[in-house]
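Student: Encoded as structure tokens, here's the structure I'll be asking about.
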Amino acid sequence: MSGVPPGEPGESSLIRPYSVTGGRTRPSRSDLALTSQVVAVPSMDPVELDPEPGLLLSLCARPVSVAEAASRSGFALGVVRILLADLLDQGYAVVHSSEWEKRRPDAATLRSVLERIRAL
Amino acid sequence: MDVMASEGAGPVPDTLKILVAGGFGAGKTTLVSAVSEVESLHTEEVMTSESVGVDDLAGVEGKTTTTVALDFGRITLDESTVVYLFGTPGQKRFSFMWEELAEGALGAVVLADTRRLSDSFGAIDFFESRGVPFVVAVNCFDGQRTHRGDDVRVALDLEDQVPLLLCDARSRESAKEVLVELVALVLRMELSGV
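So the protein sequences, as listed, match chains A and P. Each residue of the first sequence is one higher than the one before, counting from 1 in the working numbering. Each residue of the second sequence is one higher than the one before, counting from 1001 in the working numbering.
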């Protein structure tokens, strides 16, 4: 997993978070926004996965945002994006991005949101 | 994406993103916590001094790294709609993070502290330039609503259509009022075709 033995000279706070990605600092895809919802595909058997992506996949048993997956796993956001992108590419999970990331909700939706916030 | 693939895991909600900006100590995390259904969530982004310009970390041991903390909260309105509130990191050098946060945001709350009003200028400029709808909420956490809204409006050089209200970021009801004000603004903009 990690190419840098713990405590070796040269190890930095940057290397450690990204050791689980094999040193990659960019995800294989760009559609993972902070609020994108990722959900595991139930029929896929995750036995082959390393512990870190395995943990993330388990967090996605129900739809979870990229930001929450990062918060719950304790991994840095950039690391989570890379590992989630791998899981999507491998078919273990799917991503759903809200239309509202691209355009403002219509008036009816906004009215409904307003009412529901008032009612909280 | 194929939402049906999630069959069995429940519906996948659509999400709305609201930003909470303001200077250090203005009460961003407090406001997010006050209205979030879960305890304020937290994640971190790690970057090099050269920010996003690095593809591979082989041989970059010497580079300076920085951690950006991101606090956020969640409000589930119903099974198909979830609102995320993101506190924006205060420091200017994290502007790349602001760009991502602003992308697709419904709107923003700028929390102002009357003792340090100038701390709000950066956020106001940013949201104005990106066309992100925003309200200004003056956090009266000292419990004394002695600040006059009109004075703050002048000091911040706010345009007339920008709502300004007093709030107590610790209060759930007050935080809700601020969000209601913001969504009402966005609705007015939608109805008037802005």
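No residue lacks a Cβ here, since even glycine has one placed at the ideal position from N, Cα and C. Bear in mind the structure is a predicted one, so any value in this text is a computation, not a measurement.
Taking contact to mean at least 3 C-beta pairs separated by less than 8 Å, is the segment 1028-1038 of chain P in contact with the segment 1168-1176 of chain P?
Tutor: Enough Cβ pairs lie closer than 8 Å, so yes.
Student: Please list, in chain order, all residues of the same chain as P:LEU1070 whose beta carbon is under 8 Å from its beta carbon, the five residues on each side excluded.
Tutor: Cβ neighbours of P:LEU1070 beyond the five flanking positions: HIS1042, THR1043, GLU1044, GLU1045, PHE1086, GLY1087, PRO1089 and MET1097.
Student: By a C-beta neighbour count over all protein chains shown, 10 Å radius and 16 as the cutoff for buried, is A:ARG104 buried or exposed?
Tutor: By the neighbour-count rule (16 or more Cβ atoms within 10 Å), A:ARG104 is buried.
Student: If P:LEU1187 sits next to A:ARG111, beta carbons under 8 Å apart, how far is it from one beta carbon to the other, in whole angstroms?
Tutor: So it is a contact: roughly 7 Å between Cβ atoms.
Student: Indicate whether at least one CB of chain P lies closer than 8 Å to the CB of A:LEU83.
Tutor: By this cut-off, A:LEU83 is not an interface position.
Student: Grab the span of the alpha helix (DSSP H) containing P:LYS1028 for me, first residue to last.
Tutor: Run containing P:LYS1028: 1028-1035, per the alpha helix (DSSP H) assignment.
Student: Starting from the Cα of P:GLY1107, find the closest Cα among P:LEU1117, P:VAL1012, P:VAL1083 and P:ASP1151 and give me that residue.
Tutor: Here the closest residue by C-alpha is P:VAL1083.
Student: Is the CB-CB distance between A:LEU120 and P:ILE1075 below 8 Å?
Tutor: Yes. Within cutoff.
Student: So what's P:VAL1068 in DSSP terms, helix, strand or just coil?
Tutor: Strand at P:VAL1068.
Student: P:LEU1182 lies in the alpha helix (DSSP H); which residues open and close that run?
Tutor: Looking at the DSSP string, the run of the alpha helix (DSSP H) that includes P:LEU1182 is 1172-1191.
Student: Is P:ARG1197 buried or exposed, if buried means 16 or more other CB atoms sit within 10 Å of its CB?
Tutor: Residue 1197 of chain P cannot be examined here, being either before or after the span of chain P that is shown, 1001 to 1194.
Student: Could one say the Cβ of A:PRO63 lies closer than 8 Å to chain P's Cβ atoms, at least one of them?
Tutor: Chain P, which has a Cβ nearer than 8 Å to the Cβ of A:PRO63, makes this yes.
Student: Of all the residues that make up the segment 52-79 of chain A, which are near chain P by a beta-carbon distance shorter than 7 Å?
Tutor: From the segment 52-79 of chain A, only ALA61, ARG62, PRO63, SER65, ALA67, GLU68, ALA70, SER71, ALA76, LEU77 and GLY78 have a Cβ closer than 7 Å to chain P.
Student: Assign P:ASP1014 to one of three DSSP states: helix, strand, or coil.
Tutor: Correct three-state label for P:ASP1014: strand.
Student: Return no unless some Cβ of chain P is closer than 8 Å to the Cβ of A:PRO17.
Tutor: Interface residue, yes.
Student: Pick out whichever of P:VAL1012, P:GLY1022, P:LEU1182 and P:PRO1011 has its Cα sitting closest to the Cα of P:ASN1139.
Tutor: When each option's Cα is compared against that of P:ASN1139, the closest is P:GLY1022.
Student: For A:TYR18, count neighbouring Cβ atoms within 10 angstroms of its own Cβ and tell me buried if that reaches 16, exposed if not.
Tutor: Label assigned to A:TYR18: buried.
Student: Using a Cβ-Cβ cut-off of 8 Å, state whether P:LEU1191 counts as contacting chain A.
Tutor: So, interface residue.
Student: Rounded to whole angstroms, what is the Cα-Cα separation between A:GLY54 and P:PRO1013?
Tutor: If you take the alpha carbons of A:GLY54 and P:PRO1013, they lie about 23 Å apart.
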